[in-house]
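Residue numbers (the numbering used here), protein chains in the order written: chain F, 32 to 302; chain G, 32 to 302. First the structure, in the form of structure tokens, and then the observations on it.
Number of protein chains: 2
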Amino acid sequence: MAIASAVATPSFDRSDPRAVRRAVRTGAHAGHTAGLAPGYVQGNVCILPRDFADDFFVYCQRNPRPCPLLGATDPGDPRLPALAEDFDIRTDVPRYRVFRDGEFVEDVTDIRHLWRDDLVAFVLGCSFSFEEALMEAGLPLRYVEQGKNVPMFLTNIDTAPAGRFHGKMVVSMRPFTPAGAIRAVQITTRFPTVHGAPVHIGKPELIGIEDINRPWVGDPTEVREDELPVFWACGVTPQSVVRNARPPLCITHTPGHMVVTDVKNASLAVL
Amino acid sequence: MAIASAVATPSFDRSDPRAVRRAVRTGAHAGHTAGLAPGYVQGNVCILPRDFADDFFVYCQRNPRPCPLLGATDPGDPRLPALAEDFDIRTDVPRYRVFRDGEFVEDVTDIRHLWRDDLVAFVLGCSFSFEEALMEAGLPLRYVEQGKNVPMFLTNIDTAPAGRFHGKMVVSMRPFTPAGAIRAVQITTRFPTVHGAPVHIGKPELIGIEDINRPWVGDPTEVREDELPVFWACGVTPQSVVRNARPPLCITHTPGHMVVTDVKNASLAVL
Numbered sequence: 032m033a034i035a036s037a038v039a040t041p042s043f044d045r046s047d048p049r050a051v052r053r054a055v056r057t058g059a060h061a062g063h064t065a066g067l068a069p070g071y072v073q074g075n076v077c078i079l080p081r082d083f084a085d086d087f088f089v090y091c092q093r094n095p096r097p098c099p100l101l102g103a104t105d106p107g108d109p110r111l112p113a114l115a116e117d118f119d120i121r122t123d124v125p126r127y128r129v130f131r132d133g134e135f136v137e138d139v140t141d142i143r144h145l146w147r148d149d150l151v152a153f154v155l156g157c158s159f160s161f162e163e164a165l166m167e168a169g170l171p172l173r174y175v176e177q178g179k180n181v182p183m184f185l186t187n188i189d190t191a192p193a194g195r196f197h198g199k200m201v202v203s204m205r206p207f208t209p210a211g212a213i214r215a216v217q218i219t220t221r222f223p224t225v226h227g228a229p230v231h232i233g234k235p236e237l238i239g240i241e242d243i244n245r246p247w248v249g250d251p252t253e254v255r256e257d258e259l260p261v262f263w264a265c266g267v268t269p270q271s272v273v274r275n276a277r278p279p280l281c282i283t284h285t286p287g288h289m290v291v292t293d294v295k296n297a298s299l300a301v302l
Numbered sequence: 032m033a034i035a036s037a038v039a040t041p042s043f044d045r046s047d048p049r050a051v052r053r054a055v056r057t058g059a060h061a062g063h064t065a066g067l068a069p070g071y072v073q074g075n076v077c078i079l080p081r082d083f084a085d086d087f088f089v090y091c092q093r094n095p096r097p098c099p100l101l102g103a104t105d106p107g108d109p110r111l112p113a114l115a116e117d118f119d120i121r122t123d124v125p126r127y128r129v130f131r132d133g134e135f136v137e138d139v140t141d142i143r144h145l146w147r148d149d150l151v152a153f154v155l156g157c158s159f160s161f162e163e164a165l166m167e168a169g170l171p172l173r174y175v176e177q178g179k180n181v182p183m184f185l186t187n188i189d190t191a192p193a194g195r196f197h198g199k200m201v202v203s204m205r206p207f208t209p210a211g212a213i214r215a216v217q218i219t220t221r222f223p224t225v226h227g228a229p230v231h232i233g234k235p236e237l238i239g240i241e242d243i244n245r246p247w248v249g250d251p252t253e254v255r256e257d258e259l260p261v262f263w264a265c266g267v268t269p270q271s272v273v274r275n276a277r278p279p280l281c282i283t284h285t286p287g288h289m290v291v292t293d294v295k296n297a298s299l300a301v302l
């Protein structure tokens, strides 16, 4: 077991975004990206055929909280130099989720065999960027401390439809003391391109969450008596609406397995 | 009754801060100042003998959330031209509250007979300034709509002591929907000199408030099922700590009966 574990996590410079991408590209790293390349923007991924991509562009524009668009490739071009010079969307995500006709098919670690001339890749901002700012401000993130994935919930909040894309918003939840929640609103407001301020606070039942201890994806996180659950729009929302749009092919990242860019988190702060 | 009412509220330009002060000064207006001179800063007042004023300066510096200092007079000088050229602290507050040895004595509408050469008057920022910004952003203030005074509560939150001044923080409470509460944090953060962001949200019992329907001063305001109570540090806090400091004389405004200045609310916004 010790040997298998060592083989699964070979050595690479976990602080350097280029080294992380290289490790992902070569298959040396296929796990979560939480804590990797600290200080650098990580992104949600959604890849669609050009026909659906046109609708998705509009969907992102109308739903900037769950879908803050950091960049999109040209059709068939796997590069996105604005986010990283060496970037290749076909190999640089640790784990991909493949959907056909809106249904989940499989998770894979490479999509070169699935790439087509008509595919457009979208990279959306991710809460890892603002979480760094929260931790720097001294606010604890329980799920990070416990080495778990953030809990995510499907809400009853309608997103603004665009063409064939429509559906409910997915949110991530982090518990804070009331004073911590106020500070978290202030800090995340500074980062509109990575989901920005929370969309809800304190009353999960009002947004259709029946059991705060049973997330839709991710791991459960305790909300203590002296804490409020705080909810942010989540970049996993496309994985919910793609079920309604039913494109023949859609490839996303697997939750928590983000693409690592060369863009600095601090460069996204608006204030 | 109709005639008495007409006599009690004679005509003056309620939109002009100078006209409001003149009406207060001449005894034509001795009521609440909510809604008067919209757009202009209103202030909490605390007047102390010089000996205690030195401690109070430090107290304000250490407690900027409840005691954001907008200005202080020179000892014995009732003027404060930085806030209004014609300002006279002895006559320009609609209703004063007189404390002797920390105990409430009486409410009066003029303190010329109490003025002394060693008195220093402090003017502290008031939530009326940020409430205007909240209403402009479309957030409803129930107590304003109902023509009532904001509910204020004595909490278990210790203020930072300075000399003889020490005690618990007083807070004001406004109910908002969760999304409204998040917006209210953003808006009031822009106004640090008028209490700034909330100090608490959602769980009154954690700050020592036993019954949200029974304020310490002000009127009760309903908090509905789909709302959170949001709490801001309140400029009535000095009226609480003065009970502990027990100065031989202290004169404050009566809650809700503020001094109206010529400073624009918008000039206080930091962002």
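Even glycine gets a Cβ: it sits at the ideal position worked out from N, Cα and C.
Identity of the residue in the options nearest residue i by Cα
{"i": "THR140 (chain F)", "options": "F:PRO106, F:ARG126, F:ILE240, F:ASP149", "result": "F:ARG126"}
{"i": "GLY266 (chain F)", "options": "F:ASP44, F:VAL254, F:THR283", "result": "F:THR283"}
{"i": "ALA115 (chain F)", "options": "F:LEU299, F:ASN296, F:VAL291", "result": "F:VAL291"}
{"i": "MET200 (chain G)", "options": "G:ASP293, G:VAL273, G:ARG45", "result": "G:VAL273"}
{"i": "SER271 (chain F)", "options": "F:PRO192, F:ALA59, F:VAL225", "result": "F:PRO192"}
{"i": "PRO269 (chain F)", "options": "F:SER42, F:VAL72, F:VAL154, F:LEU145", "result": "F:VAL154"}
{"i": "CYS157 (chain F)", "options": "F:PHE135, F:GLY102, F:ALA210, F:PHE196", "result": "F:GLY102"}
{"i": "LYS234 (chain F)", "options": "G:ARG255, G:THR57, G:ASP105", "result": "G:ARG255"}
{"i": "ILE232 (chain F)", "options": "G:ALA212, G:ARG53, G:PRO109, G:CYS77", "result": "G:ALA212"}
{"i": "LEU165 (chain G)", "options": "G:PRO206, G:HIS144, G:ILE218", "result": "G:ILE218"}
{"i": "PHE135 (chain G)", "options": "G:HIS197, G:ARG277, G:ASN180", "result": "G:ARG277"}
{"i": "ARG128 (chain F)", "options": "F:MET289, F:TYR90, F:VAL301, F:PHE161", "result": "F:MET289"}
{"i": "VAL294 (chain F)", "options": "F:ARG214, F:CYS91, F:LEU111, F:GLY227", "result": "F:LEU111"}
{"i": "GLU137 (chain G)", "options": "G:ASP105, G:THR285, G:GLY62", "result": "G:THR285"}
{"i": "GLU162 (chain F)", "options": "F:ALA113, F:ASP108, F:ALA228", "result": "F:ALA228"}
{"i": "VAL76 (chain G)", "options": "G:PRO48, G:ALA300, G:CYS91", "result": "G:CYS91"}
{"i": "PRO182 (chain G)", "options": "G:VAL202, G:HIS60, G:ALA65, G:ASP82", "result": "G:VAL202"}
Backbone secondary structure at residue i - three-state DSSP
{"i": "GLU134 (chain G)", "result": "strand"}
{"i": "LEU302 (chain G)", "result": "coil"}
{"i": "MET166 (chain F)", "result": "helix"}
{"i": "PRO80 (chain F)", "result": "strand"}
{"i": "PHE196 (chain G)", "result": "strand"}
{"i": "ASP86 (chain G)", "result": "helix"}
{"i": "ALA191 (chain F)", "result": "coil"}
{"i": "ILE232 (chain F)", "result": "strand"}
{"i": "PRO99 (chain F)", "result": "coil"}
{"i": "LEU67 (chain G)", "result": "coil"}
{"i": "SER36 (chain G)", "result": "For SER36 (chain G), the predicted model reports a pLDDT of 42, less than 50, meaning its position is unreliable; a value from the coordinates is still stated below. Helix, per DSSP."}
{"i": "ALA210 (chain F)", "result": "helix"}
{"i": "VAL175 (chain G)", "result": "helix"}
{"i": "PHE222 (chain F)", "result": "coil"}
{"i": "LEU145 (chain G)", "result": "helix"}
{"i": "VAL267 (chain G)", "result": "coil"}
{"i": "VAL124 (chain G)", "result": "coil"}
{"i": "VAL151 (chain F)", "result": "strand"}
{"i": "ARG255 (chain G)", "result": "coil"}
{"i": "ASN94 (chain F)", "result": "coil"}
{"i": "ALA61 (chain F)", "result": "coil"}
{"i": "ALA50 (chain F)", "result": "helix"}
{"i": "ARG56 (chain G)", "result": "helix"}
{"i": "PHE161 (chain G)", "result": "helix"}
{"i": "ARG274 (chain F)", "result": "helix"}
{"i": "ALA297 (chain G)", "result": "helix"}
For residue i: DSSP bridge partner residues
{"i": "MET183 (chain G)", "result": "G:SER203, G:VAL248"}
{"i": "ILE282 (chain G)", "result": "G:ILE78, G:VAL129"}
{"i": "GLN73 (chain F)", "result": "F:VAL291"}
{"i": "PRO260 (chain G)", "result": "G:PRO206"}
{"i": "GLY156 (chain F)", "result": "F:GLY74"}
{"i": "VAL139 (chain G)", "result": "G:TYR127"}
With 16 other Cβ atoms within 10 Å as the buried cut-off, status of residue i
{"i": "SER46 (chain G)", "result": "exposed"}
{"i": "ALA264 (chain G)", "result": "buried"}
{"i": "PRO13 (chain F)", "result": "Only positions 32 to 302 of chain F appear in the structure, and residue 13 (chain F) is not among them; the question remains open."}
{"i": "THR57 (chain F)", "result": "exposed"}
{"i": "ASN187 (chain G)", "result": "exposed"}
{"i": "VAL38 (chain F)", "result": "Because the pLDDT at VAL38 (chain F) is just 46, under 50, the model does not fix this residue reliably, and the value given afterwards should be weighed accordingly. Result: exposed."}
{"i": "VAL72 (chain F)", "result": "buried"}
{"i": "ARG205 (chain G)", "result": "buried"}
{"i": "ARG52 (chain F)", "result": "buried"}
{"i": "SER298 (chain F)", "result": "exposed"}
{"i": "VAL151 (chain F)", "result": "buried"}
{"i": "SER36 (chain F)", "result": "For SER36 (chain F), the pLDDT reaches just 42, beneath the cut-off of 50, and the residue's location in the model is therefore unreliable, although a value from the coordinates is still provided. So SER36 (chain F) counts as exposed."}
{"i": "GLY178 (chain F)", "result": "exposed"}
Exercise. Should the segment 90 to 101 of chain G be called in touch with the segment 237 to 251 of chain G, which here means at least 3 C-beta pairs below 8 Å?
Worked result: At 8 Å Cβ cutoff, the stretches do not touch.
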